[in-house]
Amino acid sequence: MSETPPQECNCEITYIHGESVEAIASQMPPRDAILSMAETFKLLGDPTRLRLVHALSKGELCVCDLAAMLGVGSTAVSNHLRLLRSMRLVHYRREGKMAFYSLADDHITQLLAECLDHVQEPQHVEGKP
Numbered sequence: 067m068s069e070t071p072p073q074e075c076n077c078e079i080t081y082i083h084g085e086s087v088e089a090i091a092s093q094m095p096p097r098d099a100i101l102s103m104a105e106t107f108k109l110l111g112d113p114t115r116l117r118l119v120h121a122l123s124k125g126e127l128c129v130c131d132l133a134a135m136l137g138v139g140s141t142a143v144s145n146h147l148r149l150l151r152s153m154r155l156v157h158y159r160r161e162g163k164m165a166f167y168s169l170a171d172d173h174i175t176q177l178l179a180e181c182l183d184h185v186q187e188p189q190h191v192e193g194k195p
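The opening position of the sequence shown corresponds to residue 67 in my numbering, with each subsequent residue numbered one higher.
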């Protein structure tokens, strides 16, 4: 059985729903916040960095632990962590000669959990539950 191609989901006429547009536009974050969000998602778009963040969502680890767990060199892990620190997604603490990394706050954990829930939910046919 062959599938029919999806129909275009564009409006057939142009009509602006002014009240709806104004109400939603007034709730949009400022441009600089949107740019920061885009940078955050861009950083998390790398599978290695996403794996690092997921590992850190489970507990504090040092670079050596992360490198061993992910099968990635410690230099690569350090570079990824530097980028994640620059966006305030992770922070570290020193204990002697060791640096232990953890997520900066619970927002990152919640973001990961929501995204994982979304990608693991069953696919639904459009218009049906």
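Backbone N, C-alpha and C fix where the C-beta goes; we use that ideal spot for every residue, glycine too.
Three-way DSSP call (helix, strand, coil) for Arg160 in this model: In the structure shown, Arg160 sits in a strand (DSSP, three-state: E or B).
Residue(s) in a DSSP beta bridge with Phe107: Answer is none; Phe107 lacks a bridge partner.
Where Ala33 falls: helix, strand or coil (DSSP): Coverage of the chain is limited to positions 67 through 195, which leaves residue 33 absent and any answer about it impossible.
Three or more C-beta pairs below 8 Å linking the stretch 135–143 and the stretch 76–93: Output reads no: the stretch 76–93 does not touch the stretch 135–143.
One or two residues paired with Cys128 in a DSSP bridge: Per DSSP, the beta-bridge partners of Cys128 are Phe166.
The alpha helix (DSSP H) enclosing Asn145, as first and last residue numbers: Here the alpha helix (DSSP H) through Asn145 covers 140–152.
Burial state of Arg154, where buried means 16 or more other Cβ atoms lie within 10 Å: Only exposed fits Arg154, as fewer than 16 other CB atoms lie within 10 angstroms of its CB.
Span separating the alpha-carbon of Phe107 from that of Gln176: When only Cα atoms are considered, Phe107 and Gln176 end up about 14 Å apart.
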